[in-house]
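Report on the structure given below.
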Amino acid sequence: MTSLTPGTNLPLTARSPLLTVSQLAGANADISAFVLYAGGKVRGDDDMCFFNQTSVAGGAVTTTRGSDTDTSFALLLDQLAADVEKIAITATLDARSFDGVGDLEITCENGPSMTVPTSGRSEKALILAEVYRRGDDWKIRNVSQGFHGGLAALATHFGVEVTNDGQAAEPVPQKRTVDLAKRITKLEKEAPALVSLVKSVGVNLEKRGSPVPAAKVCLCLDISGSMTRLFSSGKIDKLVERALALGLTFDDDGEIDVFLFGKDTHEYGTVNGTNYQGFSARALKDHPLEGGTRYGKAMGAIRQFYAPDFKDGLPVFVFFVTDGSTDDKPLTLKHLKESADEPIFWKYMGLIQEGFFSSNRTSFLQDLDDLPGRTVDNADFFNVADPSAPAPDEFYDEVIDEFPEWLAAARDAGILN
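The numbering of the sequence shown is the UniProt record's numbering, which starts it at 1 and goes up by one.
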C-alpha cells in the first residue's frame with residue numbers, strides 16, 4: 001500500500017472509496033468531513049458530516065464509528081453534485097492541542113494510506129486529508145494543516161460564520177482581497193520563521209499602491225541535472241521559503257502547489273508552513289534529477305491542473321524557475337499564447353550564471369517576456385544567479401513586477417471577474 005507524506009497526492013481509482021481515520025485510545029478527537037464547493041467553501045450546516053449528522057450530500061457522504069478509535073467515511077463520488085470540488089477530512093479537540101495524543105492514521109480501502117504527524121503541534125484542529133476533483137477524476141491528498149482556534153477556526157476557514165457562542169451560522173462570501181494584518185497575526189503562531197518574508201511581500205505591494213490580491217500560487221521548479229549544486233547547497237530550500245511566502249500572502253489555503261520538471265513533469269503536491277523544511281531532500285528522493293528541460297510540457301500540465309478551477313475567478317500566479325533553455329520551444333510558445341486568455345500569470349525566473357553561453361540560455365526566456373500577439377501580457381522574466389543572494393525586498397520587487405498590471409489588464413479583458 002502506498003503511503004502519502006504531508007503535501008503529496010495520488011489519483012483515486014475507486015469511485016466509492018472508504019476512508020478510515022484511526023487515533024490512539026483516549027485521544028477523543030472529533031472526526032468530521034466537510035463537503036466543499038467553489039473557493040473551498042461550504043454552503044451551509046448541511047455540508048458537515050459528523051457523529052450527529054451521519055449522512056450528507058444526499059447520502060453521497062456518510063460516516064460510521066466502528067470503535068472509540070476508528071471513524072470511517074463512505075464516499076459515493078459519482079453521486080456528488082457536479083459543483084462539489086472537494087471533501088475535507090478533519091479532526092478537532094476541545095480542550096487541548098494535538099501534541100501528545102499520537103499520530104493520526106488514514107487508510108483508503110484499495111488506495112493509499114497516510115500518517116498525520118502530531119508531535120509538537122500546538123493546534124486544536126487539523127485538516128487531515130482531502131479528496132478533490134481534478135477534471136473528470138478524483139485525487140486524495142495528505143494535507144496535515146493545523147488551526148489554533150479549534151473548531152471555530154476550522155469552520156471559519158471553510159466559509160462558515162461563527163457566532164460568539166461558537167455555533168456556526170450561514171456561510172459568508174469569499175473575499176477577493178486579503179487582510180494581511182490578520183494573516184500575519186495567524187502566521188506568527190504557526191510559522192514565525194516566515195513572517196518577515198510575508199511582510200516583505202506586503203511592503204512591496206503597498207509601495208505599488210496595490211491591495212493584497214487573493215490568488216493561487218504555483219511553484220514550477222527545474223530538476224534537470226544542471227540544478228545539482230543549487231539543490232545540494234540549500235539554495236533551493238531558501239527559494240522554496242520565499243515562494244511559500246507568496247502563497248501565505250495570496251492564498252486562503254496558505255500553501256503553494258509544486259510541479260517539478262526536466263524531460264518529464266511531476267505534480268509534487270503542496271508545500272505549506274508545516275512541511276516546507278527539508279523540501280529538497282524529499283523532492284529529490286521522489287523525483288531524482290533528470291536529463292532534458294521541457295518548459296512546454298510543464299506549462300501544459302499546469303494549465304490542465306488549474307483549468308477546472310478557472311470558473312472560481314481566482315488568478316493563478318505561476319513562479320517558473322529554471323537554469324537553462326528548453327527542448328520544446330514551439331510547444332512553450334503555444335502554451336504561453338493560448339494561456340493569455342486564461343487567469344494565469346507566468347513569472348519566469350532564470351538561475352543562470354554569467355558565462356560564455358549565458359546569453360543563449362536567457363534569450364528565449366526574454367523572448368517569452370516580449371512575445372507579441374497575446375490578448376494581454378501574461379508573462380515576465382528576470383534572472384538571478386543565486387536565488388538566496390538578493391535581500392527579500394529586492395527579490396520580491398522582481399517577483400511581483402508586472403503582476404498587479406496583469407491583474408488590471410486581465411479584468412479589463414474579461415479574463416478575471
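Glycine included, every Cβ here is placed at the ideal spot set by N, Cα and C. None of the values given here were measured: they were computed from a predicted structure.
| message | Can you give me the C-alpha to C-alpha distance between Q167 and I223, rounded to a whole angstrom? | response | Bear in mind that a pLDDT of 49 at Q167, under 50, signals an unreliable position, so the number given afterwards is only what the model happens to contain. Their backbone Cα atoms lie some 48 Å apart in a straight line.
| request: Would you list, in sequence order, the uninterrupted beta strand (DSSP E) runs of no fewer than 3 residues that lie entirely inside the segment 18 to 89? | output: You should have 18 to 22, 30 to 36, 61 to 65, 70 to 75.
| task | Taking the CB atoms as reference points, tell me whether D237 and T293 lie closer together than 9 Å. | result | Contact check for D237 against T293 fails: the beta carbons are separated by 9 Å or more.
| task | Classify T322 as helix, strand or coil using the three-state DSSP reduction. | result | Correct three-state label for T322: strand.
| query | Residue ranges of each beta strand (DSSP E) run of no fewer than 3 residues wholly in the segment 89 to 167, ordered along the chain? | reply | 104 to 108, 113 to 116, 125 to 134, 137 to 147, 160 to 162
| message | Using only the alpha-carbon positions, how far apart do L19 and V101 sit? | response | 21 Å
| query | On the three-state DSSP scale, how would you describe I223? | reply | Coil at I223, not helix or strand.
| request: May I ask you to list the residues that DSSP assigns as paired with K216? | output: V316
| request: Express the C-alpha separation of L244 and G146 in angstroms, rounding to a whole number. | output: Spanning the two alpha carbons is a distance of roughly 16 Å.
| field | Same chain, Cβ closer than 6 Å to L239, five either side skipped, listed in chain order | value | P387
| message | In whole angstroms, give me the CA-to-CA distance for I400 and N204. | response | 8 Å
| query | Is G202 buried or exposed, if buried means 16 or more other CB atoms sit within 10 Å of its CB? | reply | It is buried - the Cβ of G202 has at least 16 other Cβ atoms within 10 Å.
| request: Compute the distance between the beta-carbons of F364 and T332, then report whether it is under 9 Å. | output: yes
| query | Whose C-beta lies closer than 8 Å to the C-beta of F339 among residues of the same chain, with five residues either side of it excluded? | reply | According to the sequence displayed, residue 339 carries Ser and not Phe. Excluding positions up to five away in sequence, the list reads M299, R303, W346, N378.
| query | Cβ atoms of N142 and P17: under 9 Å apart, would you say? | reply | Note that the C-beta distance between P17 and N142 is not below 9 Å.
| message | Counting beta carbon pairs with one atom in the segment 87 to 99 and one in the segment 4 to 18, are three or more of them shorter than 8 Å? | response | They do not touch, by the three-pair rule.
| query | CA-CA distance, E394 and G414? | reply | 32 Å
| message | Here's the rule I'm using: 16 or more other beta-carbon atoms within 10 Å means buried, otherwise exposed. How should P173 be labelled? | response | Residue confidence is low: P173 scores 37 on pLDDT, short of 50, so the model does not pin down where it sits. Its coordinate-derived value is still stated next. P173 is exposed by the Cβ-count criterion.
| message | Among the candidates E123, M227, G39, whose CA atom is the shortest distance from the CA of V84? | response | G39
| field | Coil, strand or helix - A379 by DSSP | value | strand
| query | G350 by DSSP, collapsed to three states: which one? | reply | strand
| task | Note down the Cα distance separating V412 from L10, rounded to an integer number of angstroms. | result | Correcting the residue identity first, residue 412 is Asp in this sequence and not Val. The C-alpha of L10 is placed about 38 Å away from the C-alpha of D412.
| A51 to P315 span [Cα, whole Å] | What sits at residue 51 in the sequence shown is Phe, not Ala. Roughly 37 Å between the two C-alpha positions.
| said: So, at 8 Å on beta carbons, what are the nonlocal neighbours of residue 418 in its own chain, with the 5 sequence-adjacent residues on each side left out? | reply: Nothing can be reported for residue 418, as the shown portion of the chain is limited to 1 through 417.
| field | C-alpha distance - V116 paired with L128, whole-angstrom precision | value | 6 Å
| message | If distances are taken between C-alpha atoms only, which option among E255, F261, C218, A215 comes closest to S226? | response | F261
| request: Would you kindly check if the distance between the Cβ of K337 and the Cβ of R374 is under 9 Å? | output: Yes; because the gap between Cβ atoms is below 9 Å, this pair is in contact.
| task | Look at the alpha carbon of D251 and the alpha carbon of E206, and state the distance between them as a whole number of angstroms. | result | 18 Å
| request: Look at the alpha carbon of F73 and the alpha carbon of E402, and state the distance between them as a whole number of angstroms. | output: Per the coordinates, the alpha-carbon of F73 lies some 45 Å from the alpha-carbon of E402.
| H335 by DSSP, collapsed to three states: which one? | helix
| said: Using only CA atoms, which one of V212, S67, K216, V42 lies nearest to F317? | reply: Nearest C-alpha to F317: K216.
| field | N9: first and last residue of the uninterrupted alpha helix (DSSP H) it sits in | value | Where N9 is concerned, there is no enclosing alpha helix (DSSP H), although the beta strand (DSSP E) it sits in stretches over 9 to 12.
| When the Cα atoms are used, what is the spatial distance from T322 to Q353? | 12 Å
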